[in-house]
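J.: The structure that follows is given in the form of structure tokens.
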Amino acid sequence: MVSEGLTSNLGPQFVTAVKPESPYFLSTSSPSDSKIPMINRTQLTIFAAIIMTCGTSYGQSFTQLTPSSLGLSPNTSAINQVFNIGDQFGVAASDIRLQVTNGHTANGSNFWTVSETESATFEILSSIPIEAYVQHGENLGSSDFQNGSASVDGLIANVGEDFTLISTLDTDYASSVNGNNYSVSYVGADTGVLERNSVPLRWVSDQPVTGFDVYTTNSLDLNNNYAIGFRTAASSVPEPSSAAILALASSLILLRRRRSL
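Right, here's the structure in full:
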């Protein structure tokens with residue numbers, strides 16, 4: 183089996199950059215007696231850059247929790263331990279604890295790993311609200327290439343806790359939500375080759391969570407690598423959507439065009 187691939191930068195990578203269309207930025211004159219300051223092209227460009235920078239910086243405040251950050255070595259199996267992790271989030275170490283049940287670390291890389299028979303459970307023990315992400319690698323399927331029973335990667339959330347898949351899926355992949363079971367499956371027709379989505383498969387919690395299970399049906403071997411990350415809810419600032427950025431930019435453009443009439 184080929185170990186499941188993961189990109190080296192496991193922070194959120196899914197921010198849509200919106201480039202203003204140039205024809206709307208060509209008006210240059212403004213009335214000298216205007217009571218409302220005109221917005222020129224440079225100011226609009228700077229403003230758009232600030233919006234997208236805020237979405238990138240504040241919306242990506244997750245901290246990836248690698249095995250090495252917990253003092254774990256590669257190729258360590260059957261981890262059943264409680265770790266103090268609060269100091270990684272700017273609070274006392276014991277204020278946030280992570281309970282790992284049946285955890286496994288990847289062979290030769292600083293990731294977690296699962297197999298079809300070895301899922302892992304992560305529980306947050308803290309009075310501080312914590313949000314999370316789970317990110318499987320992009321390698322998944324085809325079913326006759328891997329030795330598991332199916333080509334599925336996913337997570338099981340605790341009851342009442344929701345996650346959203348934020349990755350873009352290629353045409354050979356489909357996502358599914360069945361109760362608290364979140365998954366991506368290879369549904370393409372290719373056989374005998376290792377299949378790969380263009381980006382890793384990343385789910386982000388919609389609210390603070392208390393824990394989740396990570397699983398795969400893709401392999402009987404411990405080579406289905408994944409990453410997890412957390413942030414305190416107080417540090418969470420939602421990314422502006424591309425629609426919101428477009429709406430704001432359109433309003434500014436309309437203001438400029440009206441003032442130039």
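According to this note's numbering, the sequence shown is numbered sequentially starting from 183.
Cβ atoms here follow ideal geometry from the backbone N, Cα and C, with glycine treated the same way.
For the structure I just gave you, are there three or more beta carbon pairs, one from the segment 262-273 and one from the segment 281-289, closer than 8 Å?
T.: Counting Cβ pairs under 8 Å, three or more are found: they touch.
J.: Counting only the same chain and skipping the five closest in sequence on each side, list residues whose C-beta sits under 7 Å from that of S274.
T.: Looking up residue 274 in the sequence shown gives position 92. The amino acid occupying residue 274 in the given sequence is Ala; Ser does not appear at that position. Excluding residues within five positions, the ones whose Cβ falls inside 7 Å are G268.
J.: What residues match up with T303 in a beta bridge as DSSP calls it?
T.: Indexing the sequence shown from 1 puts residue 303 at position 121. Note: T303 sits in a beta bridge opposite T283, D395.
J.: If you count every other CB in all the chains shown that lies within 10 Å of the CB of T287, and 16 or more means buried, which is it?
T.: The residue labelled residue 287 in the question sits at position 105 within the sequence shown. Answer is buried; the Cβ neighbour count reaches 16.
J.: Helix or strand or just coil, what does DSSP make of D335?
T.: Counted from its first residue, the sequence shown places residue 335 at position 153. It is a strand residue.
J.: Using the three-state DSSP reduction, which class does F271 fall into: helix, strand or coil?
T.: Here residue 271 refers to the residue found at position 89 of the sequence shown. Correct three-state label for F271: helix.
J.: Nearest-angstrom Cα distance between N257 and A371?
T.: What you label residue 257 is simply residue 75 of the sequence shown in a count that begins at 1. What you label residue 371 is simply residue 189 of the sequence shown in a count that begins at 1. Spanning the two alpha carbons is a distance of roughly 33 Å.
J.: Any chance you could list the beta strand (DSSP E) runs of at least 3 consecutive residues sitting entirely within the segment 342-387, in chain order?
T.: If we require 3 residues or more, the beta strand (DSSP E) runs fully inside the segment 342-387 come out as 345-347, 355-360, 363-368, 383-387.
J.: Please classify G290 as buried or exposed, where buried requires at least 16 neighbouring CB atoms within 10 angstroms.
T.: Here residue 290 refers to the residue found at position 108 of the sequence shown. So G290 ends up on the exposed side.
J.: Can you tell me whether V396 is buried or exposed? The criterion is at least 16 other CB atoms within 10 Å of its CB, across all chains shown.
T.: Locating residue 396 in the sequence shown gives position 214, where the first residue counts as 1. Result: buried.
J.: Leaving out five residues before and five after Q328 in sequence, what residues of the same chain have Cβ atoms less than 6 Å from its Cβ?
T.: Looking up residue 328 in the sequence shown gives position 146. The answer, listed in chain order, is N400, S401.
J.: Three or more beta-carbon pairs under 8 Å between the segment 377-394 and the segment 343-355, yes or no?
T.: Contact holds: three or more Cβ-Cβ distances are below 8 Å.
J.: Do T398 and D335 have their CB atoms nearer than 8 Å?
T.: Here residue 398 refers to the residue found at position 216 of the sequence shown. Here residue 335 refers to the residue found at position 153 of the sequence shown. A contact, by the Cβ cut-off of 8 Å.
J.: In terms of alpha-carbon separation, which member of G330, Y315, A332, N407 lies closest to Q389?
T.: Here residue 389 refers to the residue found at position 207 when the sequence shown is read from its first residue. For the residues G330, Y315, A332, N407, the minimum Cα distance to Q389 belongs to Y315.
J.: Just to confirm my understanding: we take N406, look at its own chain, exclude 5 residues before and 5 after, and list those with CB closer than 8 Å. What are they?
T.: As a working note, residue 406 is residue 224 in the sequence shown. Excluding residues within five positions, the ones whose Cβ falls inside 8 Å are E186, T295, V296, S297, H318, G319, D335, T398, N400.
J.: In terms of residue numbering, what span does the beta strand (DSSP E) encompassing N406 cover?
T.: On the sequence shown, residue 406 is found 224 positions in, with the first residue counted as 1. Segment 406-414, the beta strand (DSSP E) holding N406.
J.: Could you please give the first and the last residue of the uninterrupted beta strand (DSSP E) stretch that includes N262?
T.: Counted from its first residue, the sequence shown places residue 262 at position 80. Run containing N262: 261-266, per the beta strand (DSSP E) assignment.
J.: For I410, I'd like the list of residues in its chain whose CB is within less than 8 Å of its CB, leaving aside the five on either flank, ordered along the chain.
T.: The residue you call residue 410 lines up with position 228 of the sequence shown. If we look at I410 and ignore the five residues flanking it on each side, its Cβ neighbours are Q246, L247, W294, F304, A314, Y315, V316, Q317, V396.
J.: Count the other CB atoms, across all protein chains shown, that sit within 10 Å of the CB of V366; report buried if there are 16 or more and exposed otherwise.
T.: What you label residue 366 is simply residue 184 of the sequence shown in a count that begins at 1. Counting Cβ neighbours within 10 Å, V366 comes out buried, since at least 16 surround it.
J.: Could you check how far apart the C-beta atoms of I310 and D352 are, in whole angstroms? I think they sit under 8 Å.
T.: Walking along the sequence shown from the start, residue 310 turns up at place 128. Walking along the sequence shown from the start, residue 352 turns up at place 170. Rounded, the Cβ-Cβ distance is 37 Å, inconsistent with contact.
J.: By DSSP's criteria, S291 is part of a beta bridge. Which residues make up the other side?
T.: As a working note, residue 291 is residue 109 in the sequence shown. DSSP lists no partner for S291.
J.: Taking the DSSP output, what are the residues bridged to T245?
T.: Residue mapping note: residue 245 aligns to position 63 of the sequence shown, counting from 1. DSSP lists F412 as partners of T245.
J.: Quick one: what does DSSP say S309 is sitting in, helix, strand or coil?
T.: Here residue 309 refers to the residue found at position 127 when the sequence shown is read from its first residue. Note: S309 maps to coil in three-state DSSP.
J.: Taking the alpha-carbon positions, what's the V369 to F271 distance?
T.: Within the sequence shown, numbered from 1, the residue matching residue 369 stands at position 187. Within the sequence shown, numbered from 1, the residue matching residue 271 stands at position 89. Computed Cα separation, rounded: 39 Å.
J.: At the level of alpha carbons, what is the spacing between R279 and L254?
T.: Residue numbering aside, residue 279 sits at position 97 when the sequence shown is read from its first letter. Residue numbering aside, residue 254 sits at position 72 when the sequence shown is read from its first letter. Straight-line Cα distance between these residues: approximately 16 Å.
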